[in-house]
Amino acid sequence: MDIQQTAMSVVAILAPFLPKFVGASVEQMGKIAGGGIAQKLWECLKPKIEADKKLEAAILVASQQAESETAKKLLIETMIPFLSVDPTLLKDLTALLALDKLTQEIAVEGSEVRDVTQKSSGSQPSNQTISIRDSKARDINQSS
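Position one of the sequence shown corresponds to residue 5 (my numbering), numbered consecutively onward.
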């Protein structure tokens, strides 16, 4: 995953949670539901955010306009230079993003299997597996 993809993925995951994360205490962070990977990304980024006014400002704008594509784009563009000069941060974020892969599996047994379609979408990487045993298979499709 390159730097731009990493920044885009981080922002895609973080954006919905930023209104809750910005200004939250450690105690409050533990009570935010559904933020699993987003919380880990936030914890990784928070020291960088606190140390840089430009990144902090982009985070604040994105937290106030979580649905705004313009705010997300600004945050991505602001993050890229940080990831470019901090290989440890890039490595840590990439490792966390790897935990958020979508996994889909279809296992089929039978005499005949037809018209199986498996699709995934979104910005996150995915793993797709179709296992067919003891049967004839036709029209099997995978896409992401």
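Every residue, glycine too, gets a C-beta built ideally from N, C-alpha and C.
### Task
Ignore the nearest five residues each way along the sequence and tell me which others in D56's own chain have a CB closer than 8 Å to its CB.
F86
### Task
Leaving aside the five residues before and after V26 along the sequence, list all residues of the same chain whose C-beta is less than 7 Å from its C-beta, in chain order.
I63, L64, S67
### Query
Just checking my contact of L79 with I41 at CB under 8 Å: how many whole Å lie between their CB atoms?
17 Å between Cβ atoms; not a contact.
### Query
What's the call for S29, buried or exposed, on a 16-neighbour Cβ count within 10 Å?
exposed
### Task
Using only alpha-carbon positions, find the residue among V89, K76, T92, P91 that is nearest to V14.
K76
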